[in-house]
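The block underneath contains the structure these notes are about, expressed in structure tokens.
There are 2 protein chains.
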Amino acid sequence: MASERTVQPRRRGRPGGLEGADLLSVARDILLREGYAATTMDAIAAAARISKQTLYRSHASKQELFAAVVTDWVERGQNAMRPHLDRLRSTEEVEQALLDLAGILHAAVLSPPVVQMRSLVIAEAERFPEIAAEYVQRSWERNEALLADVFADLAGRGLLATGDAGTAAQQFTWLVLGAPLDRITLTAGASRFSEEQLAAMARDAVATFLARWQPASPVRRRV
Amino acid sequence: MASERTVQPRRRGRPGGLEGADLLSVARDILLREGYAATTMDAIAAAARISKQTLYRSHASKQELFAAVVTDWVERGQNAMRPHLDRLRSTEEVEQALLDLAGILHAAVLSPPVVQMRSLVIAEAERFPEIAAEYVQRSWERNEALLADVFADLAGRGLLATGDAGTAAQQFTWLVLGAPLDRITLTAGASRFSEEQLAAMARDAVATFLARWQPASPVRRRV
DNA sequence: CCTACCGATCGGTAGG
DNA sequence: CCTACCGATCGGTAGG
Numbered sequence: 171m172a173s174e175r176t177v178q179p180r181r182r183g184r185p186g187g188l189e190g191a192d193l194l195s196v197a198r199d200i201l202l203r204e205g206y207a208a209t210t211m212d213a214i215a216a217a218a219r220i221s222k223q224t225l226y227r228s229h230a231s232k233q234e235l236f237a238a239v240v241t242d243w244v245e246r247g248q249n250a251m252r253p254h255l256d257r258l259r260s261t262e263e264v265e266q267a268l269l270d271l272a273g274i275l276h277a278a279v280l281s282p283p284v285v286q287m288r289s290l291v292i293a294e295a296e297r298f299p300e301i302a303a304e305y306v307q308r309s310w311e312r313n314e315a316l317l318a319d320v321f322a323d324l325a326g327r328g329l330l331a332t333g334d335a336g337t338a339a340q341q342f343t344w345l346v347l348g349a350p351l352d353r354i355t356l357t358a359g360a361s362r363f364s365e366e367q368l369a370a371m372a373r374d375a376v377a378t379f380l381a382r383w384q385p386a387s388p389v390r391r392r393v
Numbered sequence: 171m172a173s174e175r176t177v178q179p180r181r182r183g184r185p186g187g188l189e190g191a192d193l194l195s196v197a198r199d200i201l202l203r204e205g206y207a208a209t210t211m212d213a214i215a216a217a218a219r220i221s222k223q224t225l226y227r228s229h230a231s232k233q234e235l236f237a238a239v240v241t242d243w244v245e246r247g248q249n250a251m252r253p254h255l256d257r258l259r260s261t262e263e264v265e266q267a268l269l270d271l272a273g274i275l276h277a278a279v280l281s282p283p284v285v286q287m288r289s290l291v292i293a294e295a296e297r298f299p300e301i302a303a304e305y306v307q308r309s310w311e312r313n314e315a316l317l318a319d320v321f322a323d324l325a326g327r328g329l330l331a332t333g334d335a336g337t338a339a340q341q342f343t344w345l346v347l348g349a350p351l352d353r354i355t356l357t358a359g360a361s362r363f364s365e366e367q368l369a370a371m372a373r374d375a376v377a378t379f380l381a382r383w384q385p386a387s388p389v390r391r392r393v
């Protein structure tokens with residue numbers, strides 16, 4: 171099955187436009203920028219340098235193309251949190267590791283494409299509930315479950331209070347992300363928080379989280 | 171300037187359709203149900219039993235009608251939180267009063283119309299940033315500022331720890347609302363939390379909040 | 001003459 | 001692969 175020209179990723183001789191993951195990428199760019207209703211299949215075909223016929227051959231409808239874009243998105247972000255969560259899991263300094271994680275969550279979740287994809291899915295959640303369901307399960311709920319698992323491990327090592335690790339993960343997530351995500355979502359990035367404000371919010375989030383979830387053991391007692 | 175028939179609210183002899191606040195109400199219903207793009211001026215005019223020309227005379231474009239609906243909405247919800255915040259302000263039992271407020275926030279913010287309006291504004295935030303800005307300032311930020319003011323009062327009475335009352339209000343808001351609001355927004359109300367789950371989340375939110383913001387005074391020390 | 005309102009239809013553009 | 005084109009429907013405005 172060896173092909174003659176391994177340098178060229180294109181399968182056929184035609185110069186051709188985009189397909190597969192590249193096609194989904196340009197479709198995603200337009201969807202995030204314009205929204206679902208304002209995105210036309212003509213615009214996507216033109217940006218991918220393919221005909222609408224070719225576009226409809228790989229994606230039978232606008233809705234199916236949207237679903238493919240979201241599925242591709244959640245698969246790409248599937249394991250993005252893994253290394254950072256593993257670092258938290260093996261830490262000896264919980265407070266600093268939580269601060270690090272808060273900063274990583276800010277950088278990741280508050281980035282324009284992530285916020286825009288979230289807004290896009292919210293906007294179409296009523297019309298396409300199964301797409302929104304896949305998004306919420308495979309991105310948010312999955313990462314929250316992974317974080318809960320790490321918290322359970324830390325509790326087992328005596329570095330966090332034992333209790334409902336799922337509740338702890340939920341509270342940490344929204345203490346860190348709630349206010350800035352809400353603000354950015356509702357202002358289209360116009361009045362973003364400054365880096366100093368975000369850092370202060372991360373410190374306050376960790377402080378409140380640890381006030382509740384710090385182990386009662388006297389050796390690790392804080393003032 | 172006394173008119174002959176004060177019983178009839180209509181100004182002219184024609185039977186006529188809706189206008190003013192009633193017109194905005196039916197427009198809001200359709201916008202919340204269908205979304206902005208799928209809402210047609212024809213449908214609004216038909217639901218209000220007026221011609222499109224009459225509709226366009228009071229609202230010069232679809233966008234201006236949308237802005238009027240949002241303005242009307244934030245004005246109606248302006249002081250909805252007042253009595254509940256005043257009850258918290260004058261309480262002697264902070265923990266129970268916070269639990270009560272959490273339940274009220276759940277009932278108010280997680281109700282379908284409030285969630286739908288929020289989703290609608292988010293969906294159009296990029297296209298109509300000034301409408302989203304008015305919404306976020308006059309509903310969310312305003313209520314958060316009112317809550318911060320109450321927290322500052324409670325701190326002055328020694329019932330909460332002194333500190334940044336704004337941070338406390340932000341953390342309380344998102345501890346209480348973050349997880350369920352996210353879930354309901356992204357599932358279009360399909361997989362709502364049960365009353366028991368919401369009550370448990372409220373208790374955990376208050377517990378975490380008080381772990382950080384409870385005064386250090388020994389008389390009010392908790393176990 | 002004016003205001004309020006209607007039936008009909010305009011130019012453009014959507015998904016397919 | 002592309003151009004042309006469909007049935008439908010949109011926001012906004014004409015004449016009367």
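In the order they appear, the protein sequences are chains A and B. Residue numbering for the first sequence follows our numbering, beginning at 171 and increasing consecutively. Residue numbering for the second sequence follows our numbering, beginning at 171 and increasing consecutively. No residue lacks a Cβ here, since even glycine has one placed at the ideal position from N, Cα and C.
- The beta carbon of Ala318/A lies closer than 6 Å to those of Ala335, Gly336, Ala339 in the same chain, with the five residues before and after it left out.
- Identification of chain B residues near Ala349/A by a Cβ-Cβ cut-off of 7 Å yields Gln340, Trp344, ordered along the chain.
- The beta carbon of Asp323/B lies closer than 7 Å to those of Arg259 in the same chain, with the five residues before and after it left out.
- Runs of alpha helix (DSSP H) with 4 or more residues, each lying fully within the stretch 278 to 364 of chain B, are found at 282 to 293, 299 to 305, 312 to 326, 335 to 357, listed in chain order.
- Inclusion of Ser228/B and Leu193/B in the CB contact set at 8 Å is warranted, their separation being smaller than that value.
- In the same chain as Ala315/A, and ignoring 5 residues on each side of it, the C-beta atoms closer than 8 Å to its own belong to Gly336, Ala339, in chain order.
- With its beta carbon at least 8 Å from every one in chain B, Ala322/A lies outside the interface.
- Listed along chain B are Ile292, Ala293, Ala295, Glu296, each with a C-beta nearer than 8 Å to that of Ser289/A.
- Among the CB atoms of chain B, one or more fall inside 8 Å of the CB of Val306/A.
- For Thr224/B, the enclosing alpha helix (DSSP H) stretches over residues 222 to 228.
- With contacts defined by Cβ atoms closer than 8 Å, Thr241/B and Glu304/B form a contacting pair.
- In this structure, DSSP gives Glu189/A a state outside helix and strand, which the three-state scheme calls coil.
- Shortest Cα-Cα distance from Arg373/A to any of Ala386/A, Phe342/A, Pro385/A involves Phe342/A.
- Burial is judged here by how many other beta carbons sit within 10 angstroms of a residue's own beta carbon; Thr210/B has fewer than 16 and is exposed.
- Separation of Pro385/B and Met371/B (C-alpha to C-alpha, rounded to the nearest whole angstrom) is 23 Å.
- Taking 7 Å as the upper bound on Cβ-Cβ separation, chain B lies near residues Ser289 of the stretch 256 to 290 of chain A.
- DSSP, reduced to helix, strand and coil, places Gln266/B within a helical segment of the structure shown.
- Among the CB atoms of chain B, none fall inside 8 Å of the CB of Leu193/A.
- Ala207/B has its alpha-carbon roughly 19 Å from the corresponding atom of Ser231/A.
- Pro385/B carries a coil assignment under DSSP once its states are collapsed to helix, strand and coil.
- In the displayed model, Gly205/B falls within coil according to three-state DSSP, outside both helix and strand.
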